[in-house]
Each structure stands twice: as structure tokens, then as C-alpha cells.
Amino acid sequence: MVNNELRNDHLFPALSHDFGRLFLWKFGVETPDIVYDGVLPPGINDRQALQNSEYRICLEENIETRFADMDAGNGFESISHDKSAFACP
């Protein structure tokens, strides 16, 4: 993602949607601007994904954004807000 404008005009996530309820449960009203589910194809680990452009996600930004790697494949056990793993050269 590069040069995107992120805006949220709502105080709460949309509770009529599964994602809205999930975000409220995990983040309260401080919902992330950028969310990654953290799910990789079978046989691909995080290190391989970062080295393979087919799986790599890059975040380039000059502004502060709220980010969450949801770790959905592991039941949201290790949610991370660290964007550094997604900073590509």
C-alpha cells in the first residue's frame, strides 16, 4: 500500500457484520486502519512469504496508521500491531 488516504467517520465498527463484531471484541473502538488476516497458503511460513513477492504484503507510509496482523489461522491468539515486518525495500 502506498499513498492511500485512510479515513474512518464512524465511532464504532458496524455491529451488523461479522468483521465489525470481531473488531469491537478485539480492539474496542480503536479499530485498525489496515488489517491483515495473517493466513498463508499451506506449506508457506512467514519467512518464505516475506521473501516471495507472490505472498509478500508491503506497507509504505509517511503517516501513522493503526495496523493489525490478526493471526486468524491460529484463532487470533497472537495479534500483532508491528508493521516493521511489512516494510519492503
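Numbered by my numbering, the letters in the sequence shown go through residues 1 to 89 in order. We treat Cβ as the ideally placed atom computed from N, Cα and C, and that holds for glycine. Quantities reported herein were computed from a predicted structural model and do not represent experimental measurements.
Relative to residue 85, the option among 73, 76, 75 and 69 whose CA is nearest is 69. One Cα belongs to residue 47, the other to residue 59, and the distance between them is close to 17 Å. For residue 67, the enclosing beta strand (DSSP E) covers residues 67-69. Residue burial annotation: residue 31 is buried, with at least 16 other C-beta atoms found within 10 angstroms of its C-beta. When the beta-carbon positions are compared, residue 11 and residue 35 stay at least 8 Å from each other. Boundaries of the beta strand (DSSP E) harbouring residue 35: 34-36, taken from the DSSP string. Nearest in C-alpha terms to residue 82, of all of 64, 75 and 89, is 64.
Between residue 6 and the set 22, 51, 19 and 67, the nearest pair of CA atoms involves 67. Looking from the CA of residue 27, the closest CA among 13, 45, 8 and 39 belongs to 13.
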